[in-house]
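If you use our numbering, the sequence shown corresponds to residues 488 to 536, in order.
The beta-carbon is built from N, C-alpha and C at its ideal position, and this holds for glycine as well.
The structure presented is a predicted model; accordingly, all values stated were derived computationally and were not measured.
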Amino acid sequence: MIKDNPDGSKIPLTIPNHKRIKGSTLRIICRQVGIKREEFLEIYYHKNK
488 MIKDNPDGSK
498 IPLTIPNHKR
508 IKGSTLRIIC
518 RQVGIKREEF
528 LEIYYHKNK
């Protein structure tokens with residue numbers, strides 16, 4: 488997954504390859520890319536349908 492920034496730059500998102508992601512891991516990923524947990528989950532579930 489790639490996050491597109493308003494300035495045109497892109498940030499690759501690291502997604503652990505586990506059925507479950509620990510809450511602390513998810514928080515760190517979201518903090519690094521500057522998105523809310525809910526936004527991450529919405530994108531994640533949309534991509535994995």
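Through-space distance from residue 491 to residue 507, alpha-carbon basis: 25 Å
Using 8 Å for Cβ pairs, my map puts residue 501 next to residue 489. What's the rounded Cβ distance? Not quite, the Cβ-Cβ distance comes to about 11 Å (not below 8 Å), so this is no contact.
When DSSP labels each residue in this structure, what does residue 546 get in the three-state scheme? Given that the chain is displayed from residue 488 to residue 536, the structure contains no residue 546 and the question cannot be resolved.
Using a Cβ-Cβ cut-off of 6 Å (strictly less than) and excluding sequence neighbours within five positions of residue 497, which residues of its own chain qualify? 489, 491
Strictly by DSSP, which residues pair up with residue 491? 497
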